[in-house]
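These notes concern the structure reproduced below.
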Amino acid sequence: MVDDEQIVARSRRMEQIRREMLAASGFASHCDEKRPVFGEGSLAADLVLIGEAPGGREERLGHPFVGPAGQVLTEALALAGIDRDELWITNVVKCRPTMEGVGGRLRNRTPTPAEVEWFRPWLLRELDVIDPRAIVCLGATAGSAVLQRTLRITRERGIWFDGPNGLPTLVTYHPAYLLRRTQDRDDRFSEFIDDLRTAGERAAVVSSE
């Protein structure tokens, strides 16, 4: 049980990490004046969800998983019996990776290995503050960054791995992947819910109602 004094201490530590990241050499080159999106949620969370990077809506609003993929995530969590407000939700890379698309519009892209490598130590410090019981990595990019190994989501989703500091870590689909599915979307969404429920039970955050 995390008491109020510990919450205050964790809040201060998290704010210190953010300040140091913003001032660190290399931050400006990786973010290129983009708005960073830091993790948020319960500082007493027993379960942490990690995505790869914020998208356009997340960048505009300054919160993780608030776009279409975030809506899928919120729905799946509810169906798994998990209260999103009780979690800590973050991304490996804190600034939106973009590339120029049709008509000069910026599109999301997968973070580069250099971006992942630069942001990973900050993520590990973030996890150290929260000290959860379990981690869920949303997608192969997040899973590979956290576990430091190549992953095949279709083969290794739903499997527990030893994560940072021995934390039980499960890898599942990124909700954006589910949005792109057509024929088997319902099946993949059911698997996603099952994976979240499994992680929630491991972290003891699944509601009995």
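Those letters in the sequence shown? Residues 9 to 217, per this note's numbering, in order.
Even for Gly, the Cβ is constructed at its ideal location relative to N, Cα and C.
query, result
"Contacting residues, own chain, Cβ-Cβ under 8 Å from Arg196 (five flanking each side not counted)", "Tyr181, Tyr185, Leu186, Arg189"
"Rounded C-alpha distance that separates Asn233 from Ala53", "Residue 233 falls outside the range modelled here, since the chain spans only 9 to 217, and no answer is possible."
"Entirely enclosed beta strand (DSSP E) segments - the region 139-166, minimum 3 residues", "142-146"
"Spatial distance of Phe73 from Leu57 (CA atoms)", "10 Å"
"Phe46 in three-state terms, based on DSSP", "coil"
"Rounded separation between Thr206 and Gly112 - CA only", "42 Å"
"Residue(s) in a DSSP beta bridge with Val74", "In the DSSP output, where bridge partners are listed per residue, Val74 has none listed."
"Pro140 and Leu81 closer than 7 Å at C-beta", "no"
"Three-state secondary structure (DSSP) of Arg115", "strand"
"Beta-bridge pairing of Leu178 - partner residues as DSSP gives them", "Val144, Trp168"
"Thr82 - DSSP class collapsed to helix/strand/coil", "helix"
"Glu60 vs Val100 beta-carbon contact at 7 Å", "yes"
"Pairwise C-alpha distance: Asp40 and Gly109", "18 Å"
"Thr98 - partner residues in DSSP beta bridges", "Ile58"
"Cβ shell of Glu123 (< 6 Å), same chain only, five flanking positions each side left out", "His38, Val101"
"Val137 in three-state terms, based on DSSP", "helix"
"Helix, strand or coil at Met22 according to DSSP, with G and I counted as helix", "helix"
"Straight-line gap, Arg165 to Gln14 (C-alpha atoms, nearest Å)", "34 Å"
"Selected residue, minimal CA-CA separation from Val10, among Leu51, Phe35, Phe127", "Leu51"
"Integer-rounded CB distance, given that Leu204 should sit under 8 Å from Leu85", "6 Å"
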